[in-house]
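Notes follow once the structure below has been shown.
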Amino acid sequence: MPTGLVVDQLVKSFGAVQAVDGASFEVERGEIVALLGPSGCGKSTILAMIAGLERPDQGQITWEGQPLAHVPPHQRGFGLMFQDFALFPHLDVYDNVAFGLHMAGLPPETVRSRVKEVLEWVGLPDFLRRDVNTLSGGEQQRVALARSLAPHPSLLMLDEPLGALDRSLRERLIQDLGGILRATNQTAIYVTHDQEEAFALADRVIVMNAGRVEQSGTPQEIYLRPATPFVARFLGFMNLLEGEVRVENGQPGVKTPLGFWPVKSPASGAVSVLLRPEQVNLEGNGLGSLRGKVLQRSFRGSTCQIDVNIEGMRLRFEFPSDAALPRVGQEIRLSFDPHRALHLMIAPSVQA
Amino acid sequence: MSRNQKSTIVNQKSVLLWLAPLVFLALFYFYPLGSIFQVSFGRGENGAATAFQDIASSPALWNVLWFTIWQAALSTLLTLAVGLPGAYLLARYDFRAKPLVQALAGIPFVMPTLVVAAGFNALLGPRGWVNGALMSLLGLESAPIRFVNTLGAILVAHVFYNTTIVLRMVGDFWSHLDLRLEQAARTLGANPWQTLRRVTLPLLLPSISAAALLVFIFDFTSFGVILVLGGPRYATLEVEIYNQTTGLFNLPLAAALAILQLGCTLGLTVIYTRLADRLARPLSLRPARSTQRRLITWPRRVFAVVMLSLLFGLLTAPLVALAARSFTRLESERGQPTAPGLTLDFYRELGVNRRGSLFYVPPVTSVAVSLGYAAATVALSLAMGLPAAWALARDGGSKLNRALDPVLMLPLGTSAVTLGLGFIVALDAPPLDLRASPLLIPLAHTLVAFPFVVRSLTPSLRAIRPRLRQAAAILGATPMQVLRQVDLPLVGRALLVAATFAFTISMGEFGATALLARPEYPTVPVVIYRYLSQPGALNYGQALALSTLLMVITGGGMLAIERLRIAEVGEF
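Line order of the protein sequences matches chains Y and L. Quick note, the first sequence lines up with residues 870 to 1221 if you use this note's numbering. Quick note, the second sequence lines up with residues 7 to 578 if you use this note's numbering.
Have a look at this one:
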């Protein structure tokens, strides 16, 4: 008996555009799940279908085992926080937050105390009678969060809730948001195209691509073991090579355009090979080795990125900033431990 | 340069720009209106206010006032009842017939009242299609449906006229209203009805009230429709002013009625401008494309089909009936038996001086007269409207402009018959004796067209920001090129739109013209009215033929505007 939300083989197209193409995933009660993917990958459309604002062409959504197909949005008991908040401009802060409580037909005293409670959670206790049109972006975001939390939604969906805000504000609000969601043990789906937001907030991350689920796992699993070249590229990894798992000289390993490296893998045949940028050293200790010319050096704070031309391919590596680093134009030799630095993905091709 | 200095210079330029339009309004709006005051208060044996005592003590006139108010209120409610669902359909859904409906919806707005009246006459009148069909089907001797000279005819014609205002004002606003506000309400537990009541309607309220008020003002001062379709039993204030002036020559009483009507419409106009201001409340409006959906579910499709049939029927039936009837002979004429069928006789007759009279002019001459007046109106209203619009666009927030803006809109709240009456009272004696001047009618038309011209010019003049010209200059454009590439494309189309407004308004204007036109130079609407009020199938046919011509001319103008419309949200 599944608890929480089950999304099964959803399909939705708008005219010729296939927005969602067979997406399936589950969200358990109390879990915070991030839907991560580039814009246009169907994340927001999935939220709209879960909320009941869009009708799936195919597939089914169930909550606590109950199919939702014929339940109208206002009877689902879910909350949805929109990207640009969609606060009602004709109502003040109090009436915006109280809207869902009024709809539930709660008595006035309950409404009043609940509005005060959620506004305190989001840190705006004195904003009751403020005009929402005069609020700053961060304040609007908090009011929108308070409004969607107030009616105790069994599932809260947040559609790029920090997308419209500047970076420093975002950092702070991610912390606050995570705190509030966990304090209330809120089941939530968080849609974003920003991996940092997803990793910081979610118990589990679902990476989406072209209307389909590409990988699902904890933030660590996703980061350490991306399942497909798409996930690896989306996370910002550049060093992807085509490879083939085979045995050479009696030793199992992977053959790539840059050489053969011994590695144990359950996979066989064509694979995509990720060479981790931080698992490479200049000291020359390791079974794998590469030679190339430094193209570019870029200081990133705690690390320094170095782009190297290796047999016509541009690969990128990261070193601690305090290491003695080669100059641009210098010929260097890089070495690595294949078991730690290589990650193999089953995929036909790594063509970008 | 200090701020103060700069604003003084701006003000001086604004004053210069205002000069011509204000002198024009002073001479041809305020002076005639002042004369109406003088006539109603000044004559009379007991000094002031005799005419008002006459009104107060006459139950008949009280009835006129009461009828004017309640027919306008009822018409407005019916217009909203048809217009709001239509506005919803056009605002929220995307379907293939939409551009067509939008283009059609624009047509009634510029259709001369007389054409509309003739159209309904051709459809539902005693000689119209419906009655004709019923008579031949059921073998009846007389027309079974009585439409002309009923209250129903007045209401239907008003709905025909003003639905387009609701579709445009509410529909435009609605189509830009963020769909997510309604979705947010749904996810917060509001059912569709609660969403409509608590979110959508409150957000639409300013535009609905503004549209309703404008519709009410138009219905309140309705003239041609009441005169032709309402018949002798029904009179609004406007019709009564006309009757008192032309039929009874009771100028003081007409003047007093005009003042009464002016007071009502001015009060409403003030409310209207206030509401129009509130439309600017901080809403993040969305491009219409993002708020529209396709008609996918069956209940929505059924709603769309019903609504579209109603709109199509309402907007096209009278006009199609009019055009078709003008080419059809249904009965014998002058005792000579002729087979019923298609005919061009009605059009041929337009060029014939059947009475052979020296003073009688063939009807087709009136087309030339109307075109001449319209050309003069275009020139005059652009000459007056352009500087005023320019001054408004330069600095809309300045005190001078904020004070003068509503003054420009005053003619909109003043009925055409009142304007005509003012001209009769004021301009037929020194110091300004224009009785014989061919400019008299274009001047009156210019007053009616003036608010429309200013309103269509101001937004695009405002769109020419100094930044744009600077950007063009930095990109290497010479001053001539800036004028050609930036200024003209932006203002050129607005000028054409304004000119077309002035042209169509002048072609169709009837209220003021009915009072002012000289018998030897009648305009097209005046001749149509003449034919409609005379008996006989030939007269009737000629009225329809002439109406069809006028419909083609003004409809063509309106289609031109539709193609040239610049801003997606018009100010009307």
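Glycine residues also receive a C-beta, built at the ideal position from the N, C-alpha and C atoms. Since the model is a prediction, treat every value here as computed from it, not as a measurement.
{"Asked": "Would you mind telling me which residues of chain Y sit closer than 7 angstroms to Val205(L), beta carbon to beta carbon, in chain order?", "Found": "Phe957"}
{"Asked": "Compare the C-beta of Ala190(L) against all C-beta atoms of chain Y and say whether one is closer than 7 angstroms.", "Found": "yes"}
{"Asked": "Give the residues of chain L in contact with Leu922(Y), contact being defined as C-beta atoms less than 8 angstroms apart.", "Found": "Gln189, Arg192, Thr193"}
{"Asked": "Give me the residue from Ile113(L), Asp100(L), Leu314(L) with the minimum Cα distance to Gly514(L).", "Found": "Ile113(L)"}
{"Asked": "Going by beta-carbon coordinates alone, are Ala310(L) and Leu301(L) separated by less than 7 angstroms?", "Found": "yes"}
{"Asked": "Can you tell me which residues form a DSSP beta bridge with Thr334(L)?", "Found": "Leu348(L)"}
{"Asked": "Nearest chain Y C-beta to Asn407(L) closer than 7 angstroms, yes or no?", "Found": "no"}
{"Asked": "Are the CB atoms of Val459(L) and Ala478(L) nearer to each other than 7 angstroms?", "Found": "no"}
{"Asked": "Given a cut-off of 7 angstroms, decide if Phe36(L) and Gly230(L) are closer than it, judged by their beta-carbon atoms.", "Found": "no"}
{"Asked": "With a cut-off of 8 angstroms, do at least 3 Cβ pairs link the region 530 to 542 of chain L to the region 118 to 127 of chain L?", "Found": "yes"}
{"Asked": "Taking Cβ positions only, does Leu949(Y) come closer than 7 angstroms to chain L?", "Found": "yes"}
{"Asked": "Anything in chain L within Cβ reach of Ala973(Y), meaning under 7 angstroms, just list it in chain order.", "Found": "Gly195"}
{"Asked": "Please go through the same chain and pick out, in chain order, the residues whose beta-carbon is closer than 6 angstroms to the beta-carbon of Ala967(Y), but skip the five residues on each side of it.", "Found": "Val980, Val984"}
{"Asked": "DSSP state of Leu956(Y), grouped into three classes?", "Found": "coil"}
{"Asked": "With 9 angstroms as the C-beta to C-beta threshold (strictly closer), list the residues of the region 924 to 939 of chain Y near chain L in chain order.", "Found": "Arg924"}
{"Asked": "Output yes if chain Y places a C-beta closer than 7 angstroms to the C-beta of Pro208(L); else output no.", "Found": "yes"}
{"Asked": "Between which two residues does the alpha helix (DSSP H) carrying Met175(L) extend?", "Found": "157 to 181"}
{"Asked": "Round the Cβ separation of Ala518(L) and Val423(L) to the nearest angstrom and send it over; I've been treating them as touching at under 8 angstroms.", "Found": "7 angstroms"}
{"Asked": "Can you list, in chain order, the residues of the region 487 to 513 of chain L whose Cβ is nearer than 8 angstroms to any Cβ on chain Y?", "Found": "none"}
{"Asked": "Opposite Leu1025(Y) in the DSSP bridges: which residues?", "Found": "Gly948(Y), Ala1057(Y)"}
{"Asked": "Are Val1074(Y) and Pro1088(Y) close, meaning C-beta to C-beta below 7 angstroms?", "Found": "yes"}
{"Asked": "Spell out whether any CB of chain Y is found under 7 angstroms from the CB atom of Arg354(L).", "Found": "no"}
{"Asked": "Closer than 8 angstroms, Cβ to Cβ, to anything on chain L: give me those residues from the region 1182 to 1201 of chain Y, in chain order.", "Found": "none"}
{"Asked": "Take Leu274(L) and list the residues in its own chain whose beta-carbon comes closer than 8 angstroms to its own, dropping the five residues that flank it on each side.", "Found": "Leu219, Phe222, Ile223, Phe226, Gly419"}
{"Asked": "Could you tell me whether the Cβ atoms of Pro942(Y) and Thr193(L) are closer together than 7 angstroms?", "Found": "yes"}
{"Asked": "With burial defined as no fewer than 16 other Cβ atoms inside 10 Å of the residue's Cβ, what is the status of Ser338(L): buried or exposed?", "Found": "For Ser338(L), the predicted model reports a pLDDT of 49, less than 50, meaning its position is unreliable and no value from the coordinates is stated."}
{"Asked": "Could you tell me the boundaries of the beta strand (DSSP E) in which Leu874(Y) lies?", "Found": "874 to 883"}
{"Asked": "Please list the terminal residues of the continuous alpha helix (DSSP H) segment that includes Pro1189(Y).", "Found": "Per DSSP, Pro1189(Y) belongs to no alpha helix (DSSP H); it is in the beta strand (DSSP E), 1182 to 1189."}
{"Asked": "Less than 7 angstroms between CB atoms is the rule here; does Arg186(L) satisfy it with respect to chain Y?", "Found": "yes"}
{"Asked": "From the DSSP secondary-structure annotation, give me the bridge partner or partners of Arg1081(Y).", "Found": "Asn1078(Y)"}
{"Asked": "Excluding five sequence neighbours on each side, which residues of the same chain lie with their C-beta closer than 7 angstroms to the C-beta of Asp926(Y)?", "Found": "Val880, Lys881, Ser882"}
{"Asked": "Using the beta-carbon of each residue, which ones in chain L are nearer than 8 angstroms to Pro1030(Y)?", "Found": "Residues of chain L passing the Cβ test: none, with the nearest at roughly 13 angstroms."}
{"Asked": "Could you pull the DSSP bridge partners for Ile1201(Y) from this structure?", "Found": "Gly1161(Y)"}
{"Asked": "Got a sec? Which residues, its chain only, sit under 7 angstroms from Val375(L) by beta carbon, not counting five neighbours each side?", "Found": "Tyr527, Pro528, Thr529"}
{"Asked": "For Val1100(Y) versus Glu1111(Y), is the C-beta distance shorter than 7 angstroms?", "Found": "no"}
{"Asked": "Could you give the first and the last residue of the continuous beta strand (DSSP E) run that contains Glu1066(Y)?", "Found": "Segment 1064 to 1070 is the alpha helix (DSSP H) holding Glu1066(Y); no beta strand (DSSP E) there."}
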